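Heads up: the structure comes next, in structure tokens.
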Amino acid sequence: MNLPNWFKGGFEDTEDAICDYFEWLLGDSVFVCTWLPPGHYTPTVEPNGGTQPTLRVWRQPGLAEPDLRVDETLIQIASIAETRADAWKLCDFVRSMMDPYVLERFPIPRKDGSVTKFSYSKEWLGPQTIPERIIDEKFIPVTYKLPIRKPRNLPNYRQIINNLLPD
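Each residue of the sequence shown is one higher than the one before, counting from 2 in the numbering used here.
Spelled out as structure tokens, the structure:
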């Protein structure tokens with residue numbers, strides 16, 4: 002995709018930042034994704050079975066606050082494991098690492114070598130075992146509010162597009 006060369010971006014991808022955070026913390030021991038690949042998840046009503054330990058990170062509807070230049074993201078992190086006990090253990094790890102005293106202002110190392118910092122982290126909803134599209138007691142989502150500020154060094158896009166107008 003080709004965007005104009007004057008466009009230098011906008012808000013960071015919060016899903017991507019949280020995926021990088023948990024991949025950095027957990028390595029290969031837990032599969033981290035935004036969408037479950039086809040065939041990856043096997044729901045089962047049996048107490049054991051299902052899928053490898055997985056964190057599914059998904060952005061829910063949020064909103065942008067233009068006056069504050071902040072994207073008010075809601076991120077659901079679902080813990081999935083082979084047993085209910087393991088799913089809750091993984092969920093507890095997530096909640097501990099998303100705690101405001103742990104996450105706020107922490108420089109999350111990104112795969113591209115940059116860092117991302119969240120100034121605010123709040124558990125918004127969960128944990129819960131609810132009948133979503135995936136009905137399984139080993140699927141435990143928690144939703145967090147993670148506002149992220151637009152970078153301060155972006156160009157003034159209004160000024161740029163004003164300059165594009167014919168004289």
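Where is the CB? At the ideal position from N, CA and C, for every residue including glycine.
Values in this document were obtained by computation on a predicted structure and should not be read as measured data.
Whose C-beta lies closer than 6 Å to the C-beta of residue i among residues of the same chain, with five residues either side of it excluded?
i	result
K112	D21
P148	V71, E73, Y121
V58	E16, I19, C20, T35, I78
Given this structure, state the Cα-to-Cα distance separating residue i from residue j, to the nearest angstrom.
i	j	result
T74	N164	32 Å
R85	R159	51 Å
V143	C34	15 Å
P5	I162	11 Å
S30	P128	22 Å
Near residue i, what residues of its chain come up, given a Cβ to Cβ distance below 7 Å and the 5 sequence neighbours on each side ignored?
i	result
S80	L56, A88, L91, C92, V95, I141
G63	D72, E73, T74, L75
P156	W7, K9
Could you tell me if residue i is buried or exposed, where buried requires 16 or more neighbouring beta carbons within 10 angstroms of its beta carbon?
i	result
Y145	buried
E66	exposed
Pick from the options: whose alpha carbon is nearest that of residue i?
i	options	result
R153	L4, F12, N3	F12
R150	P110, T117, D168	T117
P54	A82, P108, L27, S120	A82
W25	H41, W59, W36, M98	M98
F119	L27, P128, Y102	Y102
D100	I162, L37, L27, E124	E124
G40	V31, T52, S30, D29	T52
task = At 3 residues or longer, and completely inside the segment 40–103: list those beta strand (DSSP E) runs for me, N to C.
result = 55–66, 71–81
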